[in-house]
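Chemist:
Number of protein chains: 2
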Amino acid sequence: MGRWYIDKGPESDVVISSRVRLARNFRKYPFPSKLDKEQGGRVLEEVKDAVFNSNSTLAGDVTFIDIKALNPIEKQSLVEKHLISPELAENGRESGLLISRDEKISIMINEEDHLRIQCMFSGMQISDAWKLCNNIDLLLESKIDFAFSRQYGYLTCCPTNIGTGIRASVMLHLPGLVMTGYIKGILEACGKLGVAVRGIYGENSYASGNMFQISNQVTLGQKEDEIVTGVTNIASQIIEQERMLRAELHRQNPYRFEDKIYRSFAVFSSARIISYEESLKLISDVRLGLDMGIIKGISIETLNEIMLLIQPASLQKTAGSVLGPDERDIKRAEIIRNKLKVN
Amino acid sequence: MGRWYIDKGPESDVVISSRVRLARNFRKYPFPSKLDKEQGGRVLEEVKDAVFNSNSTLAGDVTFIDIKALNPIEKQSLVEKHLISPELAENGRESGLLISRDEKISIMINEEDHLRIQCMFSGMQISDAWKLCNNIDLLLESKIDFAFSRQYGYLTCCPTNIGTGIRASVMLHLPGLVMTGYIKGILEACGKLGVAVRGIYGENSYASGNMFQISNQVTLGQKEDEIVTGVTNIASQIIEQERMLRAELHRQNPYRFEDKIYRSFAVFSSARIISYEESLKLISDVRLGLDMGIIKGISIETLNEIMLLIQPASLQKTAGSVLGPDERDIKRAEIIRNKLKVN
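Right under this line is the structure:
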């Protein structure tokens, strides 16, 4: 498929993905929540013009998607892939998406801000994500007059984004910290260090499958590079602690540790009906088993692909029809067995 | 191995095994609980003499085992195979066992009664078990003067065995009745029909792995043939009901039904540490899956063999050493994977 999330990135034993997004607004238009339909349309057209009439490779790489034209399953499928926010899927405004073929780049138009430039990479590649975001920002800034204040920096709809407008985040898989209960201390420490921790689908979402997203809380008063470095450093410490705990848990009771992993892998590859929530729990164990060399014969790329395909909307998109809850759970089990090549 | 319990018997989808035992006593000696050491030794010798100095094939087929000479694991292993009772293993008397090569025949000496002649067959073969028991009884009776009263029949230590001294039983696997809750009604009906229902290890034992032993309660006032027929008829009705419920459960929700079976089989063949109790639960699902053609690639004979090998004492006998609880659970998981030929 050539999508970024199938790749195995650096430090993939703990880091699922890295993401950087920049919030930007036109100086001449009110924020999206205050835009009328006609103005909203003009924002869309001016962004498209800036991208497609540029000499950059971006012009040939991205596609425009009119969010209004999508059905609920298509929209939800984009949310599941983190390509758009739930807010963009539902706001009913003149909103759009520019998306690159490998889905590394997604530019949301008329979300909370006029522009949300987002770059996602597999594994620990947060500075690469930042570099790509920055290049796109420079390209757009050469065509669009962004709302910028000498005193505050970039102006954004929500004051928490003002200044750099940057949000740098990494998605970490932390079963060792969860199993030992050390995650509590980590979460508290992160709060004190100006880093936010969230579940897999952003704010207020529960940390399913032991996956935690950590990101900067402050956007003002620090340079982008410093913010990216700050998140990277904290992530590195968490990664080291996670690795140490995994090794220690395994050392203390290898049979119990491996038993849990083998059982989860067995159920994962044998179920005939399985919920999304349960899948995530099992995937966490399977990923841990893969990372530690306990499970062999499947690749992390396959697991990454499964993780995306089994989400409720992606599932229905694959099936080509709207499915009831039981049908989804049956289809999910089918997809997993199919991808793992078991019967 | 050529042992009876490895065979696949008739109606093996529901019937694990059939067993008939006869209680007999010497007229000239007090019941075992009242025997002194010297008398106990004489009972042993006279039984051995009756068997080994006969012209029957039995003489060449059975081996004598001195119970006192066995270590606790060897004794417990015989209990697990239902070849001796816990009572015989522990009574500390001059007690012995005559056992055939295929382990179909076991004759306990100086258990509760001087003689307990027991024949076990795989599946529904209760009348064959009775025929074999009867032949052994006739052979022994030609040499030994059994305690017999014209009025009561054979005299036994416990009044519940008096008369015919027969106990005819079948071990049934009843997951359908358990899942639907219909088992309660069956248990009540059995009580009213003079049939006792017990768990896998006889009186007061819990029905692990959905296995239930049904047997006659009355030994007096009915001929042996009638008792055997009575147990057979009640068993047949339960078997039919069990089959009907299995089919109905599967029909109502094939995905959920098969899901449970596939998951249990997956865990069973993948665990690295597993308790006996959990194994029995999983075996129940696996057996059901095999019987219904859902699971393929393993035989009921393999499952029968596993069921015996994974019992706590049999396990330690195989391992050749006394094992702690965790070591047993690890060894059990190894044996299962080994027998199922998975890694």
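Those protein sequence lines, which keep their order, are chains A and B.
For the first sequence, position 125 (counting from the first letter as 1) is numbered 125 according to full-length UniProt numbering, and the numbering increases by one without interruption.
For the second sequence, position 34 (counting from the first letter as 1) is numbered 34 according to full-length UniProt numbering, and the numbering increases by one without interruption.
C-beta: ideal position from N, C-alpha, C; glycine also.
Between which residues of its own chain and I186/A is the CB-CB distance below 7 Å, once the five residues before and five after are set aside?
Modeler: Result list for I186/A: L177, I238, in chain order.
Chemist: Mind checking whether I183/A and L174/A have CB atoms under 8 Å apart?
Modeler: A contact, by the Cβ cut-off of 8 Å.
Chemist: Tell whether a beta-carbon distance below 8 Å holds between N110/B and P32/B.
Modeler: Yes, these two residues count as a Cβ contact at 8 Å.
Chemist: Within 8 Å (strictly less), CB to CB, does D259/B reach chain A?
Modeler: Closer than 8 Å: yes.
Chemist: Starting from R256/A, find everything on chain B with Cβ-Cβ shorter than 9 Å and list it in chain order.
Modeler: In chain order: R272, I273, D326.
Chemist: So, helix, strand or coil for G96/B, using DSSP?
Modeler: G96/B: strand per DSSP, three-state reduction.
Chemist: Taking 8 Å as the CB-CB cut-off, is R21/B touching chain A?
Modeler: No, R21/B lies away from the interface with chain A (no Cβ there is under 8 Å from its Cβ).
Chemist: Kindly indicate if chain B contains any beta-carbon less than 8 Å away from that of V170/A.
Modeler: V170/A does not count as touching chain B.
Chemist: Contact between the region 241 to 259 of chain A and the region 269 to 279 of chain A is defined here as three or more beta-carbon pairs at a separation below 8 Å; is this criterion met?
Modeler: The region 241 to 259 of chain A, when compared against the region 269 to 279 of chain A, does not touch it at the 8 Å Cβ threshold.
Chemist: Are the region 325 to 341 of chain A and the region 24 to 39 of chain A touching, with three or more C-beta to C-beta distances below 8 Å?
Modeler: Contact fails: fewer than three Cβ-Cβ distances are below 8 Å.
Chemist: Suppose you measure from the CA of I294/B to the CA of I261/B; what does that come to, to the nearest Å?
Modeler: About 8 Å.
Chemist: I want to see whether chain A comes within less than 8 Å of V267/B, judged by CB atoms only; does it?
Modeler: Interface residue, yes.
Chemist: Short of 7 Å in beta carbon distance, which residues of its chain neighbour S56/B, apart from the five on each side in sequence? Order them along the chain.
Modeler: Contacts found: L139.
Chemist: Is it the case that the Cβ atoms of A266/A and A266/B are separated by a distance below 8 Å?
Modeler: Yes, the Cβ-Cβ distance between A266/A and A266/B is below 8 Å.
Chemist: Roughly how far, in whole angstroms, is the beta-carbon of S77/B from the beta-carbon of L88/B, given that I think they are within contact range, below 8 Å?
Modeler: Going by Cβ atoms, the distance from S77/B to L88/B rounds to 13 Å, so no, they are not a contact pair.
Chemist: Report yes or no: is there a C-beta of chain A within less than 8 Å of the C-beta of I330/B?
Modeler: Chain A, which has a Cβ nearer than 8 Å to the Cβ of I330/B, makes this yes.
Chemist: Is there contact here, the region 129 to 143 of chain A with the region 65 to 75 of chain A, by at least three beta-carbon pairs under 8 Å?
Modeler: The region 129 to 143 of chain A, when compared against the region 65 to 75 of chain A, does not touch it at the 8 Å Cβ threshold.
Chemist: Report the residue from K331/B, E305/B, L309/B, R243/B whose alpha carbon sits nearest the alpha carbon of M292/B.
Modeler: Selected option, being the one with the closest Cα: R243/B.
Chemist: Can you name, in chain order, every residue of its own chain whose Cβ lies under 7 Å from the Cβ of M307/A, other than the five neighbours on each side?
Modeler: Result list for M307/A: I283, in chain order.
Chemist: Comparing C-alpha positions only, which one of I144/B, L315/B, R116/B sits nearest to E46/B?
Modeler: With distances taken between Cα atoms, E46/B lies closest to I144/B.
Chemist: Apply the 10 Å Cβ neighbour rule to S149/B and answer buried if 16 or more other Cβ atoms are within range, or exposed otherwise.
Modeler: Looking at its Cβ environment, which holds fewer than 16 other Cβ atoms inside 10 Å, S149/B is exposed.
Chemist: Go ahead and pull the three-state DSSP assignment for M292/A.
Modeler: M292/A: coil per DSSP, three-state reduction.
Chemist: Does the CB of Y276/B have a neighbour CB from chain A at under 8 Å?
Modeler: It does not; no Cβ of chain A falls within 8 Å.
Chemist: Mind checking D329/A: buried by the 16 CB within 10 Å criterion, or exposed?
Modeler: Counting Cβ neighbours within 10 Å, D329/A comes out buried, since at least 16 surround it.
Chemist: Please name the residue, chosen from E258/B, R42/B, A50/B, M124/B, that lies closest to S236/B on a Cα-to-Cα basis.
Modeler: The candidate whose alpha carbon is nearest that of S236/B is M124/B.
Chemist: In chain order, what are the residue ranges of uninterrupted beta strand (DSSP E) at least 3 long that sit wholly in the region 144 to 186 of chain A?
Modeler: Listed in chain order, they are 166 to 173.
Chemist: By DSSP, does Q222/B sit in helix, in strand, or in coil?
Modeler: Looking at Q222/B - three-state DSSP - the assignment turns out to be coil, as it is neither helix nor strand.
Chemist: Below 8 Å CB to CB, which residues in the same chain sit around E301/B once its five sequence neighbours on both sides are set aside?
Modeler: So the qualifying residues of the chain are I6, D7, K8.
Chemist: Since I believe I227/A is in contact with I136/A (beta carbons under 8 Å), could you give me their beta-carbon distance rounded to a whole number of angstroms?
Modeler: Their Cβ separation, rounded to whole angstroms, is 17 Å, which puts I136/A and I227/A out of contact at 8 Å.
Chemist: Under three-state DSSP, which class holds S236/B?
Modeler: Of the three classes helix, strand and coil, the one that applies to S236/B here is helix, per DSSP.
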